[in-house]
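Input: a single structure, listed below in structure tokens.
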Amino acid sequence: MGKITFSLLLFASFVVHSETTTVSVGFENGLLGEYSNNAHQPINVNTFSTLGITSAIISQESDNGQFGGTQGNDYAVDVTFLFDDGTTVTFDGAVNWRDTKGSTIHGFGIITESVVDDGTDYVASSGYEVSYLMQSISSDFVYEDYGSISGGNAAQSGLLDALNEYLAYVSENPGTEPSSLGTTISSSETEISADGASTSTITVQLKDINGNDLTDGGHTVTLTTDAGTLSSVTDNGDGTYTATLTSSASVETATISGTLNDETILDTESVSFVKANTDPVADDQSVSLDENTSLAIMLTGSDSDDDTLSYIVVTNPENGVLSGTAPNLTYTPDTNFSGADSFTFSVNDGTVDSSTATVSITVNNVVVINNAPVAVADSYSVTEGGTLNGTSVLSNDTDAESDSLTAVQVSSPANGSLTLNRDGTFTYVHDGGETTSDSFTYQANDGSSNSNTVTVTISITAENDAPVAVADSYSVTEGGTLNGTSVLSNDTDAESDSLSAIQISSPANGSLTLNRDGTFTYVHDGGETTSDSFTYQANDGSSNSNTVTVSISITADNDAPVAVADSYSVTEGGTLNGTSVLSNDTDAESDSLSAIQISSPANGSLTLNRDGTFTYVHDGGETTSDSFTYQANDGSSNSNTVTVTISITAENDAPVAVADSYSVTEGGTLNGTSVLSNDTDAESDSLSAIQISSPANGSLTLNSDGTFTYVHDGGETTSDSFTYQANDGSSTSNTVTVSISITADNDAP
Numbered sequence: 001m002g003k004i005t006f007s008l009l010l011f012a013s014f015v016v017h018s019e020t021t022t023v024s025v026g027f028e029n030g031l032l033g034e035y036s037n038n039a040h041q042p043i044n045v046n047t048f049s050t051l052g053i054t055s056a057i058i059s060q061e062s063d064n065g066q067f068g069g070t071q072g073n074d075y076a077v078d079v080t081f082l083f084d085d086g087t088t089v090t091f092d093g094a095v096n097w098r099d100t101k102g103s104t105i106h107g108f109g110i111i112t113e114s115v116v117d118d119g120t121d122y123v124a125s126s127g128y129e130v131s132y133l134m135q136s137i138s139s140d141f142v143y144e145d146y147g148s149i150s151g152g153n154a155a156q157s158g159l160l161d162a163l164n165e166y167l168a169y170v171s172e173n174p175g176t177e178p179s180s181l182g183t184t185i186s187s188s189e190t191e192i193s194a195d196g197a198s199t200s201t202i203t204v205q206l207k208d209i210n211g212n213d214l215t216d217g218g219h220t221v222t223l224t225t226d227a228g229t230l231s232s233v234t235d236n237g238d239g240t241y242t243a244t245l246t247s248s249a250s251v252e253t254a255t256i257s258g259t260l261n262d263e264t265i266l267d268t269e270s271v272s273f274v275k276a277n278t279d280p281v282a283d284d285q286s287v288s289l290d291e292n293t294s295l296a297i298m299l300t301g302s303d304s305d306d307d308t309l310s311y312i313v314v315t316n317p318e319n320g321v322l323s324g325t326a327p328n329l330t331y332t333p334d335t336n337f338s339g340a341d342s343f344t345f346s347v348n349d350g351t352v353d354s355s356t357a358t359v360s361i362t363v364n365n366v367v368v369i370n371n372a373p374v375a376v377a378d379s380y381s382v383t384e385g386g387t388l389n390g391t392s393v394l395s396n397d398t399d400a401e402s403d404s405l406t407a408v409q410v411s412s413p414a415n416g417s418l419t420l421n422r423d424g425t426f427t428y429v430h431d432g433g434e435t436t437s438d439s440f441t442y443q444a445n446d447g448s449s450n451s452n453t454v455t456v457t458i459s460i461t462a463e464n465d466a467p468v469a470v471a472d473s474y475s476v477t478e479g480g481t482l483n484g485t486s487v488l489s490n491d492t493d494a495e496s497d498s499l500s501a502i503q504i505s506s507p508a509n510g511s512l513t514l515n516r517d518g519t520f521t522y523v524h525d526g527g528e529t530t531s532d533s534f535t536y537q538a539n540d541g542s543s544n545s546n547t548v549t550v551s552i553s554i555t556a557d558n559d560a561p562v563a564v565a566d567s568y569s570v571t572e573g574g575t576l577n578g579t580s581v582l583s584n585d586t587d588a589e590s591d592s593l594s595a596i597q598i599s600s601p602a603n604g605s606l607t608l609n610r611d612g613t614f615t616y617v618h619d620g621g622e623t624t625s626d627s628f629t630y631q632a633n634d635g636s637s638n639s640n641t642v643t644v645t646i647s648i649t650a651e652n653d654a655p656v657a658v659a660d661s662y663s664v665t666e667g668g669t670l671n672g673t674s675v676l677s678n679d680t681d682a683e684s685d686s687l688s689a690i691q692i693s694s695p696a697n698g699s700l701t702l703n704s705d706g707t708f709t710y711v712h713d714g715g716e717t718t719s720d721s722f723t724y725q726a727n728d729g730s731s732t733s734n735t736v737t738v739s740i741s742i743t744a745d746n747d748a749p
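First residue of the sequence shown? That's 1 in UniProt numbering, and the numbers climb one at a time after it.
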């Protein structure tokens with residue numbers, strides 16, 4: 001029974017990460033290797049705490065259960081790792097052992113074909129190899145270079161060879177011993193001139209197996225190069241070693257490698273010897289051209305190293321512009337410029353710029369007779385109501401001198417708005433009307449002259465305009481049916497297309513049937529709502545209109561009031577201020593009532609107020625009654641027609657006397673007929689005559705029946721008279737005169 005060390009090494013970017021634990025291994029008849037008898041397997045590897053490995057079992061792959069082979073060769077094995085999460089992974093590997101310090105010191109290692117992904121930072125990825133090493137414990141044990149390991153299994157795994165590039169030296173005190181694995185080689189200059197004299201300082205930095213810098217000297221470091229020459233190596237005493245690399249005269253790359261304590265340093269360094277550069281030269285030039293023309297200019301330069309040159313314009317001309325890509329440029333002077341101009345440029349050989357060179361330019365003055373440009377008509381199209389962003393109307397216009405042209409608007413379009421830009425582009429917005437074409441005119445100007453005037457024709461592609469619907473209003477009585485006229489009657493369509501109605505929403509308080517022609521039937525549900533509505537759109541066969549509302553006013557279903565006849569009385573010829581005829585009238589809804597006169601009274605005048613009160617003035621006639629008719633109105637409906645009867649209380653009327661005329665001869669007697677014969681009494685009462693005054697020229701006897709006897713006094717008077725009144729037994733009439741003409745009679749002498 002003996003003890004060996006089992007180490008896990010992770011190699012990544014030339015840094016070694018390791019963890020070591022001790023295992024107990026039992027042997028019979030010596031260690032593994034050239035002994036052919038059975039050997040016990042290593043078991044019970046203690047926990048690798050940071051890697052999550054709880055145990056490892058190494059098992060042979062030979063048919064007889066033995067580890068077979070000879071010292072220095074590889075034997076195929078299986079390596080099974082148990083992780084602390086309960087999972088296991090088995091790898092194909094190889095085992096190797098050698099006697100390095102005598103017959104009592106032995107060791108062997110296992111190289112797996114893949115990386116264990118154990119949940120730690122040691123994650124399987126390109127450039128990582130994992131080596132599981134078991135080695136004997138010895139105070140001065142050194143595990144030698146892997147370079148001598150060989151064998152079929154190593155070749156199959158492909159990892160022993162890879163490991164040979166990384167692992168060079170392992171000791172029992174890795175924290176203080178330099179490692180050829182981590183030690184680095186660097187240079188102060190990675191490029192120097194291939195002149196046989198330029199130098200670069202090569203530095204070796206000692207590092208331990210964990211990649212940490214070491215600061216002690218006293219080690220043996222050698223450096224070699226495959227190009228140029230190296231000085232001897234200087235131990236700086238601080239963990240660094242330096243040498244000077246001198247270039248050769250050839251363009252090539254030197255690879256510097258080295259050894260540390262006779263172990264090959266894994267790292268190498270490369271320094272390139274490059275040819276020394278000569279500055280390129282840019283060539284001055286002088287050129288000339290006529291004003292308002294362009295000139296192609298090829299820039300030139302040279303380089304003694306025959307490097308490929310690039311050309312850079314440094315300063316631009318002040319009185320013109322350059323176009324193209326250097327060295328092939330075109331110079332165009334400013335319009336109408338003549339005189340001197342210039343620009344500068346340099347060349348670059350890939351390393352440095354040359355000094356600047358100048359291209360001197362002479363622009364010759366040329367007297368030119370300007371020709372007016374020639375404009376050509378243009379055609380465009382736009383949809384009805386649309387916007388046309390027109391390309392330049394100048395594109396097909398020409399100018400003999402190739403002057404830059406600008407567009408000048410002459411007339412405007414009739415059916416839209418126009419913005420004509422100087423460059424000939426334009427924006428035309430059609431007004432949306434039903435026109436099929438529009439146009440405007442313009443001239444092209446070359447800065448001096450205008451062209452002919454031409455027409456730009458714009459074809460208008462008809463596009464259907466959606467109809468415009470207008471809201472409608474109707475009314476219906478509560479619970480009634482409305483047969484509505486067409487809701488389309490006030491709707492319009494720009495193309496005068498036939499319209500049809502499309503119902504959008506339904507009424508809330510009734511049922512609706514909307515016909516395509518816009519007529520509809522609405523049946524109110526009889527509720528107490530005062531309004532309802534529905535919405536629709538008008539369609540012209542292609543497009544729908546806006547959505548509008550049809551409003552329906554609901555007229556409450558009113559019960560007509562009931563009027564009752566009235567009776568009043570007034571004295572003959574009197575005035576009656578009647579109380580309201582509505583006082584005995586009724587209304588089911590208790591609406592406020594107003595009186596409406598239907599017919600007038602026959603024997604008087606009437607003023608009927610809305611509140612039913614009235615004023616009746618009797619005409620004084622002998623009628624005993626009068627009447628008029630009216631209806632009561634509740635604000636919605638009229639009542640039945642009823643009669644207001646007025647009883648006339650009779651009142652005696654004074655008789656009316658009329659004057660009378662008679663004649664008698666002078667000194668004669670007149671037996672007069674009744675003066676009452678032409679007098680009247682409204683009640684036709686019997687009349688009697690009452691004398692009021694007597695005649696002046698005779699005597700009078702007036703009887704009650706109106707007859708009288710008048711005896712003239714014989715004087716020379718020609719007339720006489722008396723007055724009387726007629727009496728109907730109650731009232732006396734007016735006073736009238738009875739005139740008597742006296743016929744003269746000759747008196748004897």
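Ideal Cβ positions, reconstructed from N, Cα and C, are used throughout, including at glycine. This structure is a prediction, so every number in the text was calculated from the model and none was measured.
Unbroken beta strand (DSSP E) run spanning residue i, endpoints
i: His219; result: Per DSSP, His219 belongs to no beta strand (DSSP E) and is neither H nor E.
i: Val476; result: 472-477
i: Leu420; result: 416-420
i: Gly211; result: Unbroken run through Gly211: none, as it is neither H nor E.
i: Gly484; result: 481-484
i: Val251; result: Counting along the chain, Val251 falls outside any beta strand (DSSP E), and DSSP gives it neither H nor E.
i: Ser661; result: 660-665
i: Ile192; result: 191-193
Contacts around residue i, its chain only, beta-carbon distance under 6 Å, and the 5 residues preceding and following it disregarded
i: Ser103; result: Residue placement at Ser103 cannot be trusted, given a pLDDT of 34 that sits under 50; what the coordinates show is reported in the next sentence. Closer than 6 Å at the Cβ level, and outside the excluded window around Ser103, lies no residue.
i: Asp640; result: In the sequence as presented, Asp is not what sits at residue 640; that position holds Asn. Within the same chain, Asn640 has close Cβ partners Ala563.
i: His473; result: One detail in the question is off: residue 473 reads as Ser in this sequence, not His. These residues qualify, in order along the chain: Ser551.
i: Ala243; result: Ile202, Leu223, Leu230, Ser231, Val233
i: Thr737; result: Ala659, Ser721, Thr723
i: Ser730; result: Asn652
i: Thr521; result: Asn483, Thr513
Bridge partner(s) assigned by DSSP for residue i
i: Pro333; result: Gly320
i: Ser198; result: Paired residue(s): none; Ser198 is not in a bridge.
i: Asp290; result: Asn364
i: Thr383; result: Thr461
i: Leu676; result: According to DSSP, Leu676 bridges with nothing at all.
i: Glu263; result: Leu260
i: Asn734; result: According to DSSP, Asn734 bridges with nothing at all.
i: Ala726; result: Ala689
i: Val617; result: Thr575, Ser605
Spatial neighbours of residue i in its chain, beta-carbon cut-off 8 Å, leaving aside the 5 residues before and after
i: Thr436; result: Ser459, Ile460, Ala462
i: Gln691; result: Leu700, Leu702, Phe722, Thr723, Tyr724
i: Ile742; result: Ser663, Val664, Thr665, Glu666, Asn697, His712, Thr717, Thr718, Ser719, Asp720
i: Asp745; result: Thr665, Glu666, Gly667, Gly668
Whole-angstrom distance between residue j and residue i, CA atom to CA atom
i: Thr441; j: Ser545; result: 37 Å
i: Thr268; j: Thr351; result: 28 Å
i: Asp681; j: Asp728; result: 7 Å
i: Leu260; j: Leu206; result: 9 Å
i: Leu687; j: Pro655; result: 8 Å
i: Asp532; j: Gly526; result: 12 Å
Residue nearest to residue i in terms of C-alpha spacing, selected from the options
i: Ser360; options: Val313, Ser286, Ser411; result: Ser286
i: Ile202; options: Ala194, Ile256, Asp713; result: Ile256
i: Thr519; options: Gln503, Thr485, Gly526, Glu528; result: Thr485
i: residue 812; options: Asn336, Ser677, Leu299; result: Lying before the first or after the last residue shown, residue 812 is absent from the chain, which here runs from 1 to 749.
i: Thr629; options: Ala249, Gln597, Gly211; result: Gln597
i: Glu250; options: Ala243, Leu260, Ser270, Ala227; result: Position check: residue 250 holds Ser in this sequence, whereas Glu was assumed. Closest by alpha carbon: Ala227.
i: Asp276; options: Glu252, Ser381, Thr332; result: Residue identity differs from the one stated: residue 276 is Ala in this sequence, not Asp. When each option's Cα is compared against that of Ala276, the closest is Glu252.
i: Thr330; options: Ser294, Thr246, Ser594; result: Ser294
i: Asn389; options: Val408, Ser661, Pro333, Thr419; result: Thr419
i: Ile502; options: Val321, Ser567, Ser543; result: Ser543
i: Ser186; options: Ile265, Gly218, Gly217, Glu177; result: Ile265
Spatial neighbours of residue i in its chain, beta-carbon cut-off 7 Å, leaving aside the 5 residues before and after
i: Ser439; result: Pro413, Thr455, Val456, Thr457, Ile458
i: Gly386; result: His430
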